[in-house]
Amino acid sequence: MTTTTAAPPNVRAHPDPAPPRHLPEPWLLAALLIGTAVAYLWGLGASGWANSFYSAAVQAGSVSWKAFFFGSSDAANSITVDKPPASLWVMALSVRAFGLSSWSILVPQALMGVATVALLWATVRRYFGAAAGLLAGLVLALTPVAVLMFRFNNPDALLVLLVVASVWALLRGVSDGRTRWLVLAGAFVGLGFLTKQLQVMLVVPPLALTYLLFGPPKLGRRVLQLFAALAAMVAAAGWWLLTVELWPADSRPWIGGSQDNSILELTLGYNGLGRLSGNERGSVVPGGRGGAEAMAGGPPGGGGGMWGSTGITRMFDAAQGGQIAWLIPAALILGVLGIVLRGRASRRDTQRAALVLFGTWLLVTGLVFSFMAGIFHAYYTVALAPQIAALVAAGAVLGWRRRDVLWVRIVLALTVAATAAWSWELLGRSQEFVPWLRWVVLVAGVASAAALLAPRLTGRVAAVSAGAALFAGLAGPAAYALDTIGSPHMGSIVSAGPNTGGMGGPGGFLIRKEGHGPGGFAGGRGGMPQTGVVLPGGVAVPDGMAPPGRAGGAAGPGAAGGLLRGSEPSAETMALLEADADRYTWVAAAVGSNSASGYQLATGDPVMPIGGFNGSDPSPSLAQFQQYVAEGRIHYFIGGGGMGPGDSGGSGAQISEWVAQNFAATTVDGATMYDLTAPRVQAGP
69 MTTTTAAPPN
79 VRAHPDPAPP
89 RHLPEPWLLA
99 ALLIGTAVAY
109 LWGLGASGWA
119 NSFYSAAVQA
129 GSVSWKAFFF
139 GSSDAANSIT
149 VDKPPASLWV
159 MALSVRAFGL
169 SSWSILVPQA
179 LMGVATVALL
189 WATVRRYFGA
199 AAGLLAGLVL
209 ALTPVAVLMF
219 RFNNPDALLV
229 LLVVASVWAL
239 LRGVSDGRTR
249 WLVLAGAFVG
259 LGFLTKQLQV
269 MLVVPPLALT
279 YLLFGPPKLG
289 RRVLQLFAAL
299 AAMVAAAGWW
309 LLTVELWPAD
319 SRPWIGGSQD
329 NSILELTLGY
339 NGLGRLSGNE
349 RGSVVPGGRG
359 GAEAMAGGPP
369 GGGGGMWGST
379 GITRMFDAAQ
389 GGQIAWLIPA
399 ALILGVLGIV
409 LRGRASRRDT
419 QRAALVLFGT
429 WLLVTGLVFS
439 FMAGIFHAYY
449 TVALAPQIAA
459 LVAAGAVLGW
469 RRRDVLWVRI
479 VLALTVAATA
489 AWSWELLGRS
499 QEFVPWLRWV
509 VLVAGVASAA
519 ALLAPRLTGR
529 VAAVSAGAAL
539 FAGLAGPAAY
549 ALDTIGSPHM
559 GSIVSAGPNT
569 GGMGGPGGFL
579 IRKEGHGPGG
589 FAGGRGGMPQ
599 TGVVLPGGVA
609 VPDGMAPPGR
619 AGGAAGPGAA
629 GGLLRGSEPS
639 AETMALLEAD
649 ADRYTWVAAA
659 VGSNSASGYQ
669 LATGDPVMPI
679 GGFNGSDPSP
689 SLAQFQQYVA
699 EGRIHYFIGG
709 GGMGPGDSGG
719 SGAQISEWVA
729 QNFAATTVDG
739 ATMYDLTAPR
749 VQAGP
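Letter by letter, the sequence shown follows residues 69 to 753 in this note's numbering.
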């Protein structure tokens, strides 16, 4: 819709110019989307099973519709993953169509990335023009953590696509006031809930606030329309939740991540309020206890903890900075600039509505991530990427169109200079990674900022200044993105770009030998044990919990896997498991989902993950496991997998002890195997 606006007194009032006619938008859009597709698809197979925890569930869902529906870790439906299954559904359908492989699992994720870039382009273009749309798509496509997660098999790829879709739909509703757009936005949020539960709710306050402030109908109708959106959200997510809750517990899998076999407990506890408070039953470190003190059983940490220090600067620290923070200062400044430039526009001004929506979404999500005391990983910050891209693009284009006003040029110049200086700092955190680039970025940023202050910024000077500003803002993220594309990523916890001395590396948690590596542990903390890996907060954990390294080498003693890395079965182990496999419900059982995952993916047969992801869920109980063994339903027990140090009531330790007492152990290529069909004595409780 077209709106008439009044500019503030110090801004010359004139309508926004139409997009330049000579802009070859179709060709540039094709280049953006094709380039994104090539970047996200390039060398995907090198990451193998990526996060084998989810890959095993995808494999299970590809052979069992029951496992598909519930998101079970194994086709025999012993336990689910600790998230709802929407993202697994997409990958499992791909595997059903094309067979089980790394490509069939990861290609849908990459295509979701391309779709997200296209949808953000369409959203920003509708309200700010072609240049802004293309710039927003480019910024999103080059954000390092977005490159990582759209090439990985975690639920975040689908979550980001669905949330961007909800924003697109809501803004369409702001444009014309039709209820159908509100209903569609609510449905997208509901599907996001089936992807990653309460994390999707971070977009709900910005959506509701934006429509209440800027929606076309009268206030009473706007409120009713928002209730219609709420109903659509509940319906889109509630049908699955209600089915799971009403399904008889003895005929469905255990709800992974819950201690009471309840999807509601998982929603409100482990994946809900526990993430904010840190009191997550069944977590690696339950009760929110922090850092090394928690590992030692001491009192809660102060401002930091197992998952790193909380606070307003969290998004800028060593773990998160290179993932997402390159353009956060620019997004905040340019977002405010854009809102100011809309002046005294009418209440229904769609440009201001879009800026408010993206800005409040960035603030709500960023503040929650900064202060949440529970489980937090750097890759969560992909949820900030669309807002940053949209605000940078929209604010930059609005400011550029008003560059004839001195104060606007000053703000643009300061933004470019600050962005270049911040990129210089981020690039300097990994001194061996293209060390020359930080200086080129700094020079380009200073030169562009100086040019922006010129009284007449037109013609060739304007083009050169804009190009230098674009380089200063995107060269650092692009370098990190290229490094991410060229590196395999495996394990449960991954990060983009080079090692910066923080908590994560391209393959997962980093191993630091004592006295080696830049900065030691966690940004300068050295002297950690040789046999551990660094967790957030500088905590060393046993090798058995370590994930693979960046090129896929085992971080600890290998075949059985551990808490954070999948098992790596040898040919001899696979031959044992596959012998008479059709006689058993589970060819093997292992403590922890990652320990079980590699064996299941290699054989294609169900492997029971005792205790779920952390090995701490009470599934199955010792009595249930003994009954399965007595009925001849499990062939082998594989020892050596890692349980979380904060085991909070799981039965894995009891089962392991009972097996060791009653069955003989055989070591096969580093894996400890127990044949549960051949007890040393009459097996019993």
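We put the CB at the ideal spot given by N, CA and C, even for glycine.
In this structure, glycine 720 places its C-beta atom within 7 Å of the C-beta atom of valine 659. The stretch 123-138 makes contact with the stretch 162-173, as at least three CB pairs between them are under 8 Å. Taking C-alpha positions only, proline 152 is separated from leucine 310 by approximately 13 Å. With a beta-carbon spacing of about 6 Å, alanine 296 and valine 251 fall inside the 8 Å limit used to define contacts. Under DSSP, methionine 676 takes part in a beta bridge, and its partners are Ala657. Counting only residues of its own chain and dropping the five nearest sequence neighbours on each side, tyrosine 122 has a CB closer than 6 Å to the CB of Asn221. Look at isoleucine 706 here: in three-state DSSP terms it is strand. Residue range 731-736 is occupied by the beta strand (DSSP E) that includes valine 736. Here the alpha carbons of alanine 453 and tryptophan 429 stand approximately 11 Å from one another. Collapsing the DSSP output to three states places leucine 168 in coil. Leucine 229 and valine 182 have their C-alpha atoms spaced approximately 9 Å apart.
Taking each of Tyr338, Ala732, Thr263 and Asn347 in turn and checking the Cα distance to glycine 306, the smallest one comes out for Thr263.
Contact between leucine 402 and alanine 464 holds, with the beta-carbon distance rounding to 6 Å and staying under 8 Å. Under DSSP, the beta-bridge partners assigned to tyrosine 742 are Phe705 and Ala733. Nearest to alanine 728 by C-alpha distance, out of Thr745, Gly738 and Phe705, is Phe705.
Between proline 397 and alanine 522, the gap from beta carbon to beta carbon reaches 7 Å or more. Under the three-state reduction of DSSP, threonine 191 is assigned to helix.
Proximity to tryptophan 394 across Ser169, Glu493, Phe256 and Arg469 peaks at Glu493, based on C-alpha coordinates. The Cβ-Cβ distance between tyrosine 108 and phenylalanine 218 falls below 7 Å. Two segments are said to touch when three or more pairs of C-beta atoms, one from each, lie closer than 8 Å; by this definition the stretch 402-415 does not touch the stretch 245-259.
Around the beta carbon of glycine 541, 16 or more other beta carbons sit within 10 angstroms, so the residue counts as buried. Per DSSP, tryptophan 375 has no beta-bridge partner at all.
Measuring C-alpha to C-alpha distances from alanine 304 to each of Gly288, Ser234 and Trp315 identifies Ser234 as the nearest. In its chain, beyond the 5 residues on either side, Leu227, Leu230, Val231 and Val268 have a beta carbon closer than 6 Å to the beta carbon of glycine 260.
Taking all protein chains shown into account, glutamate 313 has fewer than 16 neighbouring C-beta atoms within 10 Å of its C-beta and is therefore exposed.
Counting along the chain, the unbroken alpha helix (DSSP H) around tyrosine 548 starts and ends at 527-553. Nearest C-alpha to valine 215 among Val562, Gly679 and Pro688: Val562.
In its chain, beyond the 5 residues on either side, Thr740 have a beta carbon closer than 6 Å to the beta carbon of glycine 707.
The beta-bridge partner set that DSSP reports for threonine 381 is empty. If you look at aspartate 650, you'll find it isn't in any alpha helix (DSSP H); DSSP assigns it neither H nor E. One thing to note: valine 697 has its Cβ no nearer than 7 Å to the Cβ of valine 450. The C-alpha of isoleucine 102 is placed about 18 Å away from the C-alpha of alanine 199. Burial check for aspartate 648: the Cβ neighbour count within 10 Å stays below 16, so the residue is exposed.
Per the C-alpha coordinates, the member of Ala300, Gln695 and Met642 positioned closest to alanine 670 is Met642.
DSSP places serine 719 outside both helix and strand once states are collapsed to three, so it counts as coil. Scanning Tyr279, Ala458, Val436 and Gln293 for the CA closest to the CA of leucine 202 turns up Ala458.
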